[in-house]
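Enquirer: Take this structure, written in structure tokens, and hold onto it; I'll ask about it next.
In our numbering, the protein residues as written are 1153 to 2105.
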């Protein structure tokens, strides 16, 4: 038969077939269709309806960590927001009430820096209020931009009433948290070394640092002892010779601030006579480090004697500063080791946390001659005054070389803290700052904040993944007191006041009075008003904690000065559990916090500490973290490198649902490699899932579930339909467990495999004949359509949290709703099918195993006999008695499952598959079966019995 004749034969009965038909197109056109779906959601107030609906499982309290209101969203935002939306939607469709309030971090340096940068020279003439006004305008613009972009991703949330850290009610709630910490006695003001950003002239918290490799100069410096009298006898110091102590530092610029040298009490120190560059000198340092220190060519050395570090310090020795007219003591400190350097540590209390502690213990001044801009003040030698500390590294080194105090210097690479915003190196600089103590217990507490945090995170909080627990606890164990003050204009003011002697008014009542003012007027009121106005509702006489100098009338409220510092933005965002979740009545503690793994140091930790201080318990029950986006080679993504993918470009090419599908497939607990090819894979997977749904919808075009349902009965357990329902139940159980445990990858993989393998490769291929060729209203066809409908309904609901727009389109199509006319129906308002315990019919596993050798035999017959079309073949199976008894009831559907025209079974000793060539037998012109019943019918066509009965010929 020619191709033309074959086509004519095939087309003769085409109109009599029940062919699939649907408006659910093969091409998704997501870029065009998704905005229309979202417009419909807005019009029907989907967010409001979801909140008003019944929630049989109660509330699921989920809190949004606020992104910074600066610039368009990037891939990290996409990952974070889609993951959060998966949580919101899976919990909502599981029967929970999820009041998800998106938020934005609005204050802080990045916005102020951008505004000042945009203003250029004009910025110099602005007063703080003017700067704040422009910063607020900028933040509002960025919030609007980001909200639009986040909604384009298909995310649910109360975008009409988000939380903004710059709103007056939020600001007041932050200050209320501060008041609680003040009441506990956890807040103090002190001059201490803090991480300082020279570029932005403000203090920084640990969470605002990032560590990068940097080349610096390390120097070995000789400090001459003022006198050798009292040197421990074990050193065997020669009479009449100058003796030095040798220190090592990687920050030569801090040497003008040197006030002491610290040794290890228990380690051994030796006196060495050494000759270098023709000059002989005597120096004391750690015995273990001699080979390392003197390891360069041209150095000869001899050990003269030794003693313990404790003896050295107890001798009351003092050394002369190498270029400043002062002397310093030799002390001991627990942190001194023999790992690097010389075992003698240059100590500058104004430039290091450990140095500060040593200085405080030994009564040293907190001397810091470095100004906010990173230049020296006038207390240093004239040749250093006004000089940048970075330039001073070389200047100090050369000065030491010229004076003979430098033993050796060299360049080296090391990890060094940088300001995460300006990307510039930071320094330790002693300034007056505000701190929250993690070291001392609050009033009425047995434990300090650090120990409380360690106790609560040991068991009381779930960490996903579990390794996050030890990571966060390790950070808590080593964290210092929290420096909460910053020296900028755009932020929430710290509500403290100073008298003429720089004594502080800071009590629970005075702070609460400011909270009340700011709730009414906003934080600009602080900058507009004097102390008298700000404290007009505060009565010192009614405040038992008011300082005596205020109660006795020696200082009036009007004479007080406002503190000029603002809060660390991390304290603001770290108080969101109070400002949002408690103040709005959403719930406390929160069921889940979900952010990037860097937030173990940031938002997670800095929400935990204030909550413990005020509430005595963590703000969260569970903490879930995701990794970071890296390029295909594992490198950090950066615009400067040019290896980024813009979210806007991604959405314009693939649409939101493909991006959401991609996120759902990720092992997001680890860092995530990103490349265009990965989105192409996601797009292809999405297409396969969509086409599966299209097949389901197309074959339900003539099915009305109200009158056409044919339920499966116990007698149908041998049918392929029963197998399909069994597989659907397995899918529901797997997906629901994946969703419930935040294993979205497990859920999406199960859905994809179900669509690609269970349905497309197995079930759909098996049922095509009955769907297309059986009588339209036959029981067998309607029973299969009933199963298809139930599968489609369940599958679409399981998919709804991931591909939100596609699921909506599919659900409306399944239920015959026109999205233009119907403003009531949404798949997102329904619950997903529930997981259930059921007994699997394991016989189907044997049936599927039997299919494999049959398909293999057909493939071999194709090669050997040229039988290229399965319907041109029959299968004769030989099974042993046990197999025959088990599998013979499945014979009817096994024929369709194998895709052949007929299949027979017989008992025998050994398993065998025989392929029968049916090409000489007549073929049904309608179904193309060669089942042995094909003959010429009354209409002149060659039809099998089934098709003839359907057509009535």
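Built from N, CA and C at the ideal position, the CB exists for glycine as well.
Quantities reported herein were computed from a predicted structural model and do not represent experimental measurements.
So, are the CB atoms of residue 1632 and residue 1821 less than 9 Å apart?
Expert: Taking 9 Å as the Cβ cut-off, residue 1632 and residue 1821 do not qualify as a contacting pair.
Enquirer: Which class does residue 1588 belong to by DSSP, given the choice of helix, strand or coil?
Expert: Reduced to three states, the DSSP call for residue 1588 is strand.
Enquirer: Mind the definition here: the stretch 1557–1571 touches the stretch 1358–1375 only if three or more C-beta pairs lie below 8 Å; say whether that holds.
Expert: Yes, since at least three Cβ pairs between the stretch 1557–1571 and the stretch 1358–1375 fall closer than 8 Å, the two stretches touch.
Enquirer: By Cβ distance below 7 Å, which residues in the same chain neighbour residue 1699 in space, the five residues on each side in sequence not counted?
Expert: Correct list, in chain order: 1655 and 1657.
Enquirer: Which word fits residue 1281, buried or exposed, when buried means at least 16 other C-beta atoms lie within 10 angstroms of its C-beta?
Expert: Answer is exposed; the Cβ neighbour count stays below 16.
Enquirer: Who are the Cβ neighbours of residue 1897 in its own chain at under 8 Å, not counting the five residues just before and after it?
Expert: So the list reads 1816, 1817, 1818, 1819, 1820 and 1890, once near-sequence residues are dropped.
Enquirer: Which residues bound the alpha helix (DSSP H) around residue 1902?
Expert: 1896–1905 is the extent of the alpha helix (DSSP H) around residue 1902.
Enquirer: Exposed or buried, what is residue 2020 when buried is set at 16 or more other beta-carbons lying within 10 Å of its beta-carbon?
Expert: With fewer than 16 Cβ atoms within 10 Å of its Cβ, residue 2020 is classed as exposed.
Enquirer: Return the bridge partner residues of residue 2068 from the DSSP annotation.
Expert: BP columns for residue 2068 point to 2026.
Enquirer: My output table needs one value for residue 1908: the three-state DSSP class, helix, strand or coil.
Expert: If DSSP states are grouped into helix, strand and coil, residue 1908 belongs with the helices.
Enquirer: Taking C-alpha atoms, which residue in 1620, 1676, 1340 and 1621 lies nearest to residue 1643?
Expert: When each option's Cα is compared against that of residue 1643, the closest is 1676.
Enquirer: Check for me: the beta strand (DSSP E) holding residue 1569 runs from which residue to which?
Expert: Unbroken beta strand (DSSP E) run through residue 1569: 1558–1571.
Enquirer: Let's see if you can read the secondary structure: which residues bound the beta strand (DSSP E) around residue 1782?
Expert: Run containing residue 1782: 1781–1783, per the beta strand (DSSP E) assignment.
Enquirer: Compute the distance between the beta-carbons of residue 1711 and residue 1694, then report whether it is under 9 Å.
Expert: No.
Enquirer: CB residue 1500 to CB residue 1432, shorter than 9 Å?
Expert: In this structure, residue 1432 does not lie closer than 9 Å to residue 1500 by Cβ.
Enquirer: Skipping 5 residues on each side, what residues in its chain have a beta carbon closer than 7 Å to that of residue 1911?
Expert: 1844, listed in sequence order.
Enquirer: Based on the DSSP secondary-structure assignment, which residues constitute the bridge partners of residue 1638?
Expert: DSSP output for residue 1638 lists 1718 as bridge partner(s).
Enquirer: Compute the Euclidean distance between the alpha carbons of residue 1628 and residue 1690, then round it to the nearest angstrom.
Expert: Spanning the two alpha carbons is a distance of roughly 37 Å.
Enquirer: Using the Cα positions of residue 1707 and residue 1250, report the straight-line distance between them to the nearest angstrom.
Expert: Distance between the alpha carbons of residue 1707 and residue 1250: 52 Å.
Enquirer: Please work out which residues of its chain come closer than 6 Å, Cβ to Cβ, to residue 1436, disregarding the five sequence neighbours upstream and downstream, and give them in chain order.
Expert: Here the set comprises 1397, 1421 and 1423.
Enquirer: Tell me whether the beta-carbon of residue 1298 lies closer than 9 Å to the beta-carbon of residue 1215.
Expert: No.
Enquirer: For residue 1294, report the span of its beta strand (DSSP E) as first-last.
Expert: Premise fails: residue 1294 lies in the alpha helix (DSSP H), 1280–1304, not in any beta strand (DSSP E).
Enquirer: Buried or exposed for residue 1787, please, with buried defined as at least 16 other CB atoms from any protein chain shown within 10 angstroms of its CB.
Expert: By the neighbour-count rule (16 or more Cβ atoms within 10 Å), residue 1787 is not buried but exposed.
Enquirer: Under 8 Å, with one C-beta from each stretch per pair, do the stretch 1181–1190 and the stretch 1282–1301 reach the 3-pair mark?
Expert: Not touching, per the Cβ criterion.
Enquirer: Under 9 Å between the Cβ atoms of residue 1636 and residue 1679?
Expert: Contact: no.
Enquirer: Using the C-alpha atoms, what's the distance from residue 1736 back to residue 1622?
Expert: Roughly 32 Å separates the two Cα atoms.
Enquirer: Quick one, which of 1555, 1858, 1739 and 1839 has its alpha-carbon nearest residue 1941's?
Expert: The shortest C-alpha separation from residue 1941 is found at 1858.
Enquirer: Can you round the beta-carbon distance between residue 1311 and residue 1254 to whole angstroms, since I take them to be within the 8 Å contact cut?
Expert: Contact flag correct, Cβ pair sits at about 6 Å.
Enquirer: I think residue 1165 touches residue 1212, with their Cβ atoms under 8 Å apart; what is that distance to the nearest whole Å?
Expert: Actually they do not touch by this definition, with Cβ atoms about 55 Å apart.
Enquirer: What are the start and end residues of each continuous beta strand (DSSP E) run of 3 or more residues lying completely inside the stretch 1822–1888, in chain order?
Expert: Qualifying beta strand (DSSP E) stretches, in chain order: 1824–1826.
Enquirer: Pick helix, strand or coil for residue 1397, following the three-state DSSP scheme.
Expert: It is a strand residue.
Enquirer: Which residue from 2097, 1966 and 1356 puts its Cα closest to that of residue 1856?
Expert: For residue 1856, the nearest C-alpha among the options comes from 1966.
Enquirer: In angstroms with no decimal places, state the Cα-to-Cα distance between residue 1906 and residue 1948.
Expert: Roughly 12 Å separates the two Cα atoms.
Enquirer: Should the stretch 1342–1349 be regarded as contacting the stretch 1575–1584, the criterion being three or more beta carbon pairs within less than 8 Å?
Expert: Enough Cβ pairs lie closer than 8 Å, so yes.
Enquirer: Within 10 Å of its beta-carbon, does residue 1892 have 16 or more other beta-carbons around it, so buried, or fewer, so exposed?
Expert: Residue 1892 comes out exposed.
Enquirer: Would you list the residues sitting across from residue 1256 in a DSSP beta bridge?
Expert: DSSP, once it has assigned bridges, lists 1316 as partnering residue 1256.
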